[in-house]
Amino acid sequence: EQNYWGSNVSNLDECAQPLYNFLAALQPAGETIAKDAFGARGWVLGLRTDGFAASSIRGAEHIMCWNLGSGWLCRQLMDKYNYSNDIEFLRNRAYPLMRGAAEYYIDVLFTAPPETPVAGKLVLFPSVSPENKFIDGDGKKGFVTYGSAMDTQIIKELLLNCLKAQGALNLDSEEELAFSKEVRETLAKLPPYLISKKDGRLQEWAVDFKEEHRQHRHLSHLYALFPGDSINTDTPELLEAARKSMMARSEGRGGGSGWNEGWSVGLWARLQDGNRGAFACNRMIATLMDDNLFNRCAIGGGGERNWPEFMKLPMGYVMQVDGNLAFVGAFPEFFLQSHLQDDEGNFIIDLLPALPDDWKAGSFRGLRARGGFEVDIAWEAGKLKQA
Numbered sequence: 002e003q004n005y006w007g008s009n010v011s012n013l014d015e016c017a018q019p020l021y022n023f024l025a026a027l028q029p030a031g032e033t034i035a036k037d038a039f040g041a042r043g044w045v046l047g048l049r050t051d052g053f054a055a056s057s058i059r060g061a062e063h064i065m066c067w068n069l070g071s072g073w074l075c076r077q078l079m080d081k082y083n084y085s086n087d088i089e090f091l092r093n094r095a096y097p098l099m100r101g102a103a104e105y106y107i108d109v110l111f112t113a114p115p116e117t118p119v120a121g122k123l124v125l126f127p128s129v130s131p132e133n134k135f136i137d138g139d140g141k142k143g144f145v146t147y148g149s150a151m152d153t154q155i156i157k158e159l160l161l162n163c164l165k166a167q168g169a170l171n172l173d174s175e176e177e178l179a180f181s182k183e184v185r186e187t188l189a190k191l192p193p194y195l196i197s198k199k200d201g202r203l204q205e206w207a208v209d210f211k212e213e214h215r216q217h218r219h220l221s222h223l224y225a226l227f228p229g230d231s232i233n234t235d236t237p238e239l240l241e242a243a244r245k246s247m248m249a250r251s252e253g254r255g256g257g258s259g260w261n262e263g264w265s266v267g268l269w270a271r272l273q274d275g276n277r278g279a280f281a282c283n284r285m286i287a288t289l290m291d292d293n294l295f296n297r298c299a300i301g302g303g304g305e306r307n308w309p310e311f312m313k314l315p316m317g318y319v320m321q322v323d324g325n326l327a328f329v330g331a332f333p334e335f336f337l338q339s340h341l342q343d344d345e346g347n348f349i350i351d352l353l354p355a356l357p358d359d360w361k362a363g364s365f366r367g368l369r370a371r372g373g374f375e376v377d378i379a380w381e382a383g384k385l386k387q388a
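In this note's numbering, the protein residues as written are 2 to 388.
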């Protein structure tokens, strides 16, 4: 998913065409999984896919249950439309895939029972928060629960995007109106994003579990901040909870995986904390890339591992390109953001929203903003000079 973050903002849309083709090719396998494994409509990606457009449900217990890849990748489809205003792409390619993915999630959600913190709300089960473990009230460790934050965030985003697509396409047939009713009813029953009463952080699970690793490299429950956008400056309490989560995740961590640090860059930029974002950039380039700029991902890392020492090992890492490409997608967020909309649905272009103090002067040409714009700007002494 991270590999395509930069395709729109960096004006490299042609690089994302294979992804759109691949999603269309995966749909038949996804429909088989949805029907045979879950008795559901639509399509879903199993944990694993390959170059032959096959998909399967298999893997370690902590990730086998995760089936949100189809929902996540549908964000890329909607963003392609948001950046380009390509209504034919939305009509013929994006919306059919988005609708099918949404139908699957609508069918497999279930109502949380009365004794749960989200009683009466619709949640996924089984559910994980990749790849962190929780510790329950009895001190037992586990991966699998119900209603993880990332599940709710991705499903909510997908359903809202289906409604937006219907509006843009003026879809008002009886069939589409029935689907719209399903979507709205489901949205009304999704649980809210939860804030821990213990420490004010964004909750990772529906139950306010303690996580096994406070500084875990995975940032799954912050999806709604970046690459998503439902946690933003218009939701200040959630934004502060996300900030506290980021502070806890990053404190004392002397390194990590490149894909993790690339994600951190985007998250700090959305938090408008350019200085911490710049620190993540510097750490990634200085300690998580080789001389050829290949991104490092530690084998078996995470948890309480001594990262600085681990990264010195000659066989302590493998190259993972999603770190490099996540960085490409996250880095422009320092200088240009366009994810918020006004009351009329127009995208708001925000220039230099998270400029680090040390980056006094600079310029860029040819970045793209949602709404169909191409943007060139220059700044000096930390202030916008021209746009």
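Virtual Cβ for every residue (Gly too), placed ideally from N, Cα, C.
Keep in mind it's a predicted model, so treat the numbers as computed, not measured.
Spatial neighbours of L389 within its chain, please: CB distance less than 8 Å, with the 5 preceding and 5 following residues excluded, ordered by chain position. This structure cannot speak to residue 389, because the chain is shown only from 2 to 388.
According to DSSP, G363 sits in a beta bridge with which residue or residues? On the sequence shown, position 362 is the one that residue 363 refers to. Its beta-bridge partners are W380.
Could you tell me which of L326, G143, F374 and D351 sits nearest to C16, measuring between CA atoms? Translated into the one-based positions of the sequence shown, residue 16 becomes position 15. The shortest C-alpha separation from C16 is found at L326.
For I64 and G47, I'd like the C-alpha separation in whole angstroms. Your numbering for residue 64 matches position 63 in the sequence shown. Your numbering for residue 47 matches position 46 in the sequence shown. Cα to Cα, I64 sits roughly 10 Å from G47.
N22 burial status per 10 Å Cβ neighbour count (16 or more: buried): Counting from one through the sequence shown, the residue named residue 22 turns up at place 21. Exposed, because fewer than 16 other Cβ atoms sit within 10 Å of the Cβ of N22.
By how many angstroms is the C-alpha of V10 removed from the C-alpha of Y82? Taking the sequence shown and counting its residues from 1, one reaches residue 82 at position 81. Taking the sequence shown and counting its residues from 1, one reaches residue 10 at position 9. Taking the straight line from one Cα to the other gives about 12 Å.
Pop quiz: G143 and Y106 are said to be a contact at Cβ under 8 Å. What is the actual Cβ separation, rounded to whole angstroms? Translated into the one-based positions of the sequence shown, residue 143 becomes position 142. Translated into the one-based positions of the sequence shown, residue 106 becomes position 105. The pair is not a contact, with the Cβ atoms about 23 Å apart (cut-off 8 Å).
Taking the C-alpha atoms as reference points, what is the distance between K134 and A120? Working through the sequence shown from its first residue, we reach residue 134 at position 133. Working through the sequence shown from its first residue, we reach residue 120 at position 119. Roughly 23 Å between the two C-alpha positions.
Starting from the C-beta of G398, find all residues in its chain whose C-beta is less than 6 Å away, skip the five residues before and the five after it, and write them out in chain order. This structure leaves residue 398 out entirely; the chain is present only between 2 and 388.
Spatially closest choice to A395 from S251, R297 and D292, by CA coordinates: Here the chain has residues from 2 to 388 only, and residue 395 is not among them.
N12 (DSSP reduced to helix, strand or coil): As a first step, residue 12 must be located in the sequence shown, where it is residue number 11. If DSSP states are grouped into helix, strand and coil, N12 belongs with coil.
Three-state class that DSSP yields for I156 in the structure shown: Residue numbering aside, residue 156 sits at position 155 when the sequence shown is read from its first letter. Three-state result, I156: helix.
Cα-Cα separation, N12 to G140: Numbered from its first residue, the sequence shown carries residue 12 at position 11. Numbered from its first residue, the sequence shown carries residue 140 at position 139. For N12 and G140, the distance between alpha carbons rounds to 49 Å.
Which whole-angstrom value describes the C-beta separation of T153 and P192, a residue pair presumed to lie in contact below a C-beta threshold of 8 Å? For the purposes of this step, residue 153 is identified with residue 152 of the sequence shown, where counting begins at 1. For the purposes of this step, residue 192 is identified with residue 191 of the sequence shown, where counting begins at 1. About 6 Å separates the two Cβ atoms, so the contact holds.
Collapsed DSSP secondary structure at N293 in the structure displayed: Residue 293 sits at position 292 when you count from the first residue of the sequence shown. Of the three classes helix, strand and coil, the one that applies to N293 here is coil, per DSSP.
Looking only at its chain, what residues have a beta carbon closer than 8 Å to the beta carbon of R369, apart from the 5 residues adjacent to it on each side? Your numbering for residue 369 matches position 368 in the sequence shown. Excluding residues within five positions, the ones whose Cβ falls inside 8 Å are N9, V10, S11, N12, Y84, E375 and V376.
Find the nearest neighbour of D358 within the set Q273, E104, C163 and P29, judged by alpha-carbon distance. The sequence position of residue 358 within the sequence shown is 357, counting from 1. Taking only the C-alpha atoms, the option nearest D358 is Q273.
Whole-angstrom distance between G168 and R185, CA atom to CA atom: Locating residue 185 in the sequence shown gives position 184, where the first residue counts as 1. Locating residue 168 in the sequence shown gives position 167, where the first residue counts as 1. Spanning the alpha carbons of R185 and G168 requires a straight line of approximately 13 Å.
Within this structure, are the beta carbons of W6 and P228 separated by less than 9 Å? Position 5 of the sequence shown, counted from the start, is the residue given in the question as residue 6. Position 227 of the sequence shown, counted from the start, is the residue given in the question as residue 228. Contact: yes.
7 Å CB neighbourhood of S130 in its chain, flanking five on each side removed: Here the question's residue 130 lines up with position 129 in the sequence shown. Only S149, A150, M151, E205, W206, S221 and H222 meet the Cβ criterion.
Assuming contact is defined by CB atoms lying nearer than 9 Å, are L203 and L239 in contact in what I supplied? Counted from its first residue, the sequence shown places residue 203 at position 202. Counted from its first residue, the sequence shown places residue 239 at position 238. Yes.
Spatial neighbours of I196 in its chain, beta-carbon cut-off 6 Å, leaving aside the 5 residues before and after: Start at 1 with the first residue of the sequence shown, and residue 196 comes out as number 195. Contacts found: A242.
Once DSSP output is grouped into helix, strand and coil, what is the label at E305? Counted from its first residue, the sequence shown places residue 305 at position 304. In this predicted model, E305 has a pLDDT of only 47, less than 50, meaning its place in the structure is not dependable enough to derive any value.
How close, in whole Å, do the beta carbons of L159 and A225 come, if the pair is a contact with beta carbons under 8 Å? Translated into the one-based positions of the sequence shown, residue 159 becomes position 158. Translated into the one-based positions of the sequence shown, residue 225 becomes position 224. The pair is not a contact, with the Cβ atoms about 12 Å apart (cut-off 8 Å).
Under 9 Å, Cβ to Cβ, is there at least one residue of chain C near S364? In the displayed structure, chain C is absent; only one protein chain is listed.
Cβ atoms of N283 and G324: under 9 Å apart, would you say? As a working mapping, residue 324 is identified with position 323 in the sequence shown. As a working mapping, residue 283 is identified with position 282 in the sequence shown. No.
Using the C-alpha atoms, what's the distance from M79 back to N171? Position 170 of the sequence shown holds residue 171. Position 78 of the sequence shown holds residue 79. Computed Cα separation, rounded: 16 Å.
On the three-state DSSP scale, how would you describe Y5? Locating residue 5 in the sequence shown gives position 4, counting from the first residue. Three-state result, Y5: helix.
Residue environment, G304, which counts as buried when at least 16 other CB atoms sit within 10 Å: Working through the sequence shown from its first residue, we reach residue 304 at position 303. Interpretation of G304 is limited by its pLDDT of 44, a score under 50 that renders its predicted location unreliable; no figure is taken from the coordinates.
Test item: CB-CB of L110 and L98 under 9 Å: Here residue 110 refers to the residue found at position 109 when the sequence shown is read from its first residue. Here residue 98 refers to the residue found at position 97 when the sequence shown is read from its first residue. Their beta carbons are not under 9 Å apart, which means L110 does not touch L98 by this criterion.
Check this for me: beta carbons of L125 and Y147, under 9 Å apart or not? In the sequence shown, counting from the first residue as 1, residue 125 sits at position 124. In the sequence shown, counting from the first residue as 1, residue 147 sits at position 146. Yes.
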